[in-house]
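Residue numbers (our numbering), protein chains in the order written: chain A, 659 to 925; chain B, 80 to 346; chain C, 32 to 298.
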Amino acid sequence: MEAATAGNPSATDRSSDRSLRIHHLRKEYRAGEPVLRDVSLTVEGRGLTAIIGPSGTGKSTLVRCINRLVEPTSGEILFRGQDLVRLSSRELRAARRRIGMIFQEYNLVERLSVIENVLCGRLGYVPVWRAWLRRFPTADVARAFELLDAVGLGDLATQRADQLSGGQRQRVGIARALMQEPDLLLADEPTSSLDPKTSVEIMELIARRASASGIPALVNIHNVELARRYADRIIGMSKGSIVFDGPPQTLEDSHLLAIYGGEGWLE
Amino acid sequence: MSDTSLPARPQRIAFPPNWPVRIGFTALVLYVLYASTVLDITWARFLTGLEQGSRFLSRMFPPNIAADKLALLYTGMSESLQIAIIATAVGVLLSLPLGLAAARNLAPAPLAWASRGLIVAFRTFHPVIVAILFVKAVGFGALAGMLALVVASLGFLSKLVAEAVEEMSMRQVEAVRATGASFLAVVIMAVLPQVMARFIGFSAYQLDSNLRNSALVGLVGGGGIGATLFTAFQRFDYDFVLTIVLAIIGVVMVGEIVSGFMRRLFQ
Amino acid sequence: MTAISGPRQWHRFSLTERIMRSAFYLMALLAIVWSIRSIEIIPEFLYDAPQQTADLFARMWPIDWAWYPKVVHAALLETLHTATLGTVLAVLVASLVALLVARNITSSVVLNAIGRFILVATRSVHAMVWALFFVAVFGPGALAGTLAIAVHSIGFTGKFLSEAIEEAKSGPIEALTAAGAPPLAILLKGYWPQVKPAFLSIATFRWDINVRESAVLGLVGGGGLGMALDTAMSNLYWDQAGLVLFVIFAIVIAVEIVTAWIRGRII
């Protein structure tokens, strides 16, 4: 897939272009009240990009528009040579399996075991009968175990998901996303339901694994300190538009005021 | 002795009379008296009946276990069992897709409403009425009885499946969708785990219900032990009636053990 | 030479579980195959069935509305009274039996068993079979129907009530016993408040079902709409039969709405 063929330069360009390009993305849940106003953004093929901003400002909507869990009203999202907004449902499924997503409330299937949840990451690749009989290919099962080891849950493979703590569940969520061997990692407030120590561990894990796999990560987060610590690039949103875009070192208090508004919370 | 006395305190009632409940209760008692009159249920009739009844019971004991009667019993009960088993199997198999199609959070609105309408139509009429209609349509015998019980099973099971699906957590479904899984895979890995436990319970109950009802549909021509029972009544073979009734109770009790076992095995 | 361990395996079910599940599936399959082979169904009739059913419904249209005030209205009222009286009676008796069966109220195993047998026996024998019996004893009419409904309902109502009683928390009971309350007081003030919501829910649910059941009892002589239906069908007046079916449909929907309202307001 990644092989560069000399006689096909555009294919090479496309396949080695791992960036995500969003053009003029707009989303209105109710007509006339846009939650995302004409957002344009390019996420390069490496590194962790954090999106910060107050609640309701469209951060979550932006992230969910990318894999079309939320349908954009208008705009383009170019990824790996395709405009994600224009894909048919079958093409969308194929695109989604290349995009791993981590959720705020983990969104594990509670009644399934940890390893079944991780193997869900392969559902886009295996025929349905394998899911029904739970006979996934041996290589997939082995990889699932490896991923569980990598996120520190190697002993809990057969535990039911609802018996895990919040931090453990999020690790399973990360393993599930990585199981897809994605080209892009999305995270919608991955630490908002976790305590401060676990939040740091999870962000550490996301940053490390994304870097190890060589894929970009786009993380929606409301904790500015975590964003500063782990992001290579910070995007600040306010009222549906991007008002800050730059490396964490350049994020000043004045920018934060512009993003979040209000006084007296910055000390 | 001082002149001052405490100001009179207003009477505080600890248990004020609950008027709605009292009125409701009185209304109920009055209604019972009224309805008894309308239905011509008088004490006199009841007493005469009791006398009749005791004469009856003496004619029923001991149950008739003559060889030819037992042969009739065996044929009849076998047919009832066959009807119940096939109807439950078909009902269980078809109720999952029908229930899923009727779930408003999973199926498109027109399909959901149409399916719900179908389920309501199936549930409204008593299996006996449905059996009569099928007897008129396809003739006497096991076919009519089986079709009637399939309709009853579908009505019951599909409704419960639809309700279970509508109560499930959509977040788990969303996460599995985001991995690029097809609709069927999403159902298998995110929907079924959430509803399967309850579905097994319902199916076990439906097996019991069909065993009970299969004895019934024969009363109106649908095959099985019901026809034998009706004939016995008409011929005043009350001791055989008792045999049949005891056999029915026995089969139902065994059925309950089997379904209890099924529940424990699959939940 | 030491064995080289292969890739880690995962199985959804332990070996014993798999054996038992396979055994169950095998037995279920055998039962189904036996049923299909033994049942006397002529395949041509099965294929013909949809056509014939449609034919039957066609004969019911247009509905003979004129018959309603003459016969059907009175029959409808009779059915309603039968259902309501029967439910009230059943609830009264079932409460007593439930007290017998509930292990936290009656500790004697013998009494428990007797109570259980009463419950199983009454619900295994369908209301229509009871109706046959009571018609033979009391003569055709609403008395037989009401008693049939009452006796059959004892089984279900008693079972659910006893479960509700067994689920009552022991805390308040202990407190009352420690305070020296007499048994009746403990029942009234300790158990009843905890059981009340379940009690009302079960009673309304049973009433709902009993309306449906009462409608068919007339087919064996129990009075009400069933008798009207029987008359119409014996005379092959399909348009009148259609009317009765329509009335049954309407009253079932009405009762469902009423029960839903009661549930919303009182439970």
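For glycine and all other residues, C-beta sits at the position ideal for the given N, C-alpha and C. In this text, all values refer to a predicted model and were calculated from it rather than measured experimentally.
Residue i and residue j look like a contact to me (Cβ under 8 Å); what is the Cβ gap, rounded to whole Å?
| i | j | result |
| --- | --- | --- |
| LEU172 (chain B) | ALA180 (chain B) | At roughly 14 Å, the Cβ-Cβ gap does not stay under 8 Å, so LEU172 (chain B) and ALA180 (chain B) are not in contact. |
| LEU805 (chain A) | LEU777 (chain A) | Wrong, their Cβ atoms sit about 10 Å apart, outside the cutoff. |
| ALA875 (chain A) | ALA868 (chain A) | 4 Å |
| THR118 (chain C) | ARG237 (chain C) | 6 Å |
| LEU260 (chain C) | ALA272 (chain C) | 6 Å |
| VAL877 (chain A) | ALA708 (chain A) | 5 Å |
| LEU50 (chain B) | GLY170 (chain B) | Lying before the first or after the last residue shown, residue 50 (chain B) is absent from chain B, which here runs from 80 to 346. |
| VAL255 (chain B) | VAL274 (chain B) | About 14 Å; that fails the 8 Å criterion. |
| PHE169 (chain C) | ARG124 (chain B) | 7 Å |
| MET139 (chain B) | LEU325 (chain B) | About 10 Å; that fails the 8 Å criterion. |
| ILE735 (chain A) | TRP41 (chain C) | Contact flag wrong, Cβ pair sits at about 36 Å. |
| SER850 (chain A) | HIS880 (chain A) | 7 Å |
Tell me, please, which residues DSSP counts as bridged to residue i.
| i | result |
| --- | --- |
| ASN878 (chain A) | A:ILE709 and A:ASP846 |
| ASP270 (chain C) | Answer is none; ASP270 (chain C) lacks a bridge partner. |
| ARG300 (chain B) | A small correction: the amino acid at residue 300 (chain B) is Gly; Arg does not occupy that position in the sequence shown. Answer is none; GLY300 (chain B) lacks a bridge partner. |
| MET837 (chain A) | DSSP, once it has assigned bridges, lists no residue as partnering MET837 (chain A). |
| LEU678 (chain A) | A:VAL701 and A:PHE737 |
| ARG818 (chain A) | A:SER771 |
| LEU683 (chain A) | A:VAL697 |
| PRO692 (chain A) | A:GLU686 |
| ASP903 (chain A) | A:ILE893 |
Determine, for residue i, whether the minimum Cβ-Cβ distance to residues of chain B falls below 8 Å.
| i | result |
| --- | --- |
| GLY244 (chain C) | Correcting the residue identity first, residue 244 (chain C) is Glu in this sequence and not Gly. So, interface residue. |
| MET659 (chain A) | Confidence at MET659 (chain A) is low in this model, with a pLDDT of 42, below 50, so its placement is unreliable and no value can be given for it. |
| ILE145 (chain C) | no |
| ARG43 (chain C) | no |
| THR177 (chain C) | yes |
| GLY739 (chain A) | no |
| ARG755 (chain A) | yes |
| THR113 (chain C) | yes |
| GLY172 (chain C) | yes |
| ALA152 (chain C) | yes |
| LEU192 (chain C) | no |
| GLU768 (chain A) | yes |
Are the C-beta of residue i and some C-beta of chain C separated by less than 8 Å?
| i | result |
| --- | --- |
| ASP841 (chain A) | no |
| PHE135 (chain B) | yes |
| ARG722 (chain A) | no |
| ILE900 (chain A) | no |
| GLY339 (chain B) | no |
| ILE879 (chain A) | no |
| VAL118 (chain B) | Note that residue 118 (chain B) corresponds to Leu in the displayed sequence, not to Val. Yes - at least one Cβ of chain C is within 8 Å of the one on LEU118 (chain B). |
Flag residue i as yes if its beta-carbon sits less than 8 Å from any beta-carbon of chain A, otherwise no.
| i | result |
| --- | --- |
| ILE279 (chain B) | no |
| SER81 (chain B) | Bear in mind that the predicted position of SER81 (chain B) carries a pLDDT of just 49, short of 50, making it unreliable; the figure below should be weighed with that in mind. With 8 Å as the cut-off, SER81 (chain B) does not count as an interface residue toward chain A. |
| PHE55 (chain C) | no |
| GLN90 (chain B) | no |
| THR310 (chain B) | no |
| LEU126 (chain B) | no |
| ARG49 (chain C) | no |
| ILE35 (chain C) | Note that ILE35 (chain C) scores 43 on pLDDT, short of 50, meaning its location in the model is unreliable; the coordinates nonetheless yield the value given after this. So no, ILE35 (chain C) is outside the interface. |
| THR258 (chain B) | yes |
| MET268 (chain B) | yes |
| GLN40 (chain C) | yes |
| ARG342 (chain B) | no |
| ALA106 (chain B) | no |
For the stretch 268-284 of chain C, which residues have a beta carbon sitting closer than 7 Å to at least one beta carbon of chain A? Contact residues of the stretch 268-284 of chain C toward chain A are absent (C-beta to C-beta distance below 7 Å).
Interface residues of the stretch 216-233 of chain C facing chain B [CB-CB below 9 Å]: Answer set for the stretch 216-233 of chain C: empty.
Return the chain-ordered ranges of every alpha helix (DSSP H) run that is complete within the stretch 177-222 of chain C and spans a minimum of 4 residues. You should have 201-209.
Would you list, in chain order, the members of the stretch 806-818 of chain A that have their beta-carbon closer than 7 Å to a beta-carbon of chain C? If the cut-off is 7 Å between Cβ atoms, the stretch 806-818 of chain A has ALA815 near chain C.
Quick check for students: name the residue ranges of the alpha helix (DSSP H) that lie wholly in the stretch 698-783 of chain A, counting only runs of 4 or more. Counting only runs of 4 or more, we get 717-724, 747-754 and 772-777.
What residue ranges within the stretch 225-257 of chain B form continuous alpha helix (DSSP H) runs of no fewer than 4 residues, ordered along the chain? If one requires a minimum length of 4 residues, the alpha helix (DSSP H) runs lying completely within the stretch 225-257 of chain B are 249-257, in chain order.
Note down, in chain order, all residues in the stretch 782-809 of chain A with a beta-carbon under 7 Å from any beta-carbon belonging to chain C. Taking 7 Å as the Cβ-Cβ cut-off against chain C, the residues of the stretch 782-809 of chain A that qualify are ARG792, THR796, VAL799, ALA800 and PHE803.
Contact list for the stretch 168-188 of chain B against chain C, Cβ threshold 7 Å: Residues ALA168.
Hey, which unbroken runs of the beta strand (DSSP E) at 3 residues or more fall wholly within the stretch 53-140 of chain C? You should have found no qualifying run.
Within 8 Å of chain C by C-beta, residues of the stretch 283-300 of chain B in sequence order: Those residues of the stretch 283-300 of chain B that come within reach of chain C (Cβ to Cβ, closer than 8 Å) are ARG291, ASN292, ALA294, LEU295, LEU298 and VAL299.
Kindly provide the ranges of any alpha helix (DSSP H) runs that are 4 or more residues long and lie completely inside the stretch 300-329 of chain B, ordered along the chain. Fully contained in the stretch 300-329 of chain B are the following alpha helix (DSSP H) runs of length 4 or more, in chain order: 304-313.
Determine which residues of the stretch 318-336 of chain B have a Cβ less than 7 Å from any Cβ of chain C, and write them out in chain order. Within the stretch 318-336 of chain B, the qualifying residues are VAL324, ILE327, ILE328, VAL331 and MET332.
Using a Cβ-Cβ cutoff of 8 Å, what residues of the stretch 205-227 of chain B are near chain C? List them in chain order. If the cut-off is 8 Å between Cβ atoms, the stretch 205-227 of chain B has HIS205, VAL207, ILE208, ILE211, LEU212, PHE213, LYS215, ALA216, VAL217, GLY218, GLY220, ALA221, LEU222, MET225 and LEU226 near chain C.
Enumerated in chain order, which unbroken segments of the alpha helix (DSSP H) with a length of 4 residues or greater are wholly contained in the stretch 131-180 of chain B? The qualifying runs are 146-180.
Threshold first: 4 residues or longer. Then list the alpha helix (DSSP H) segments lying entirely within the stretch 176-211 of chain B, N to C. With a minimum length of 4 residues, the continuous alpha helix (DSSP H) runs that stay inside the stretch 176-211 of chain B are 188-203.
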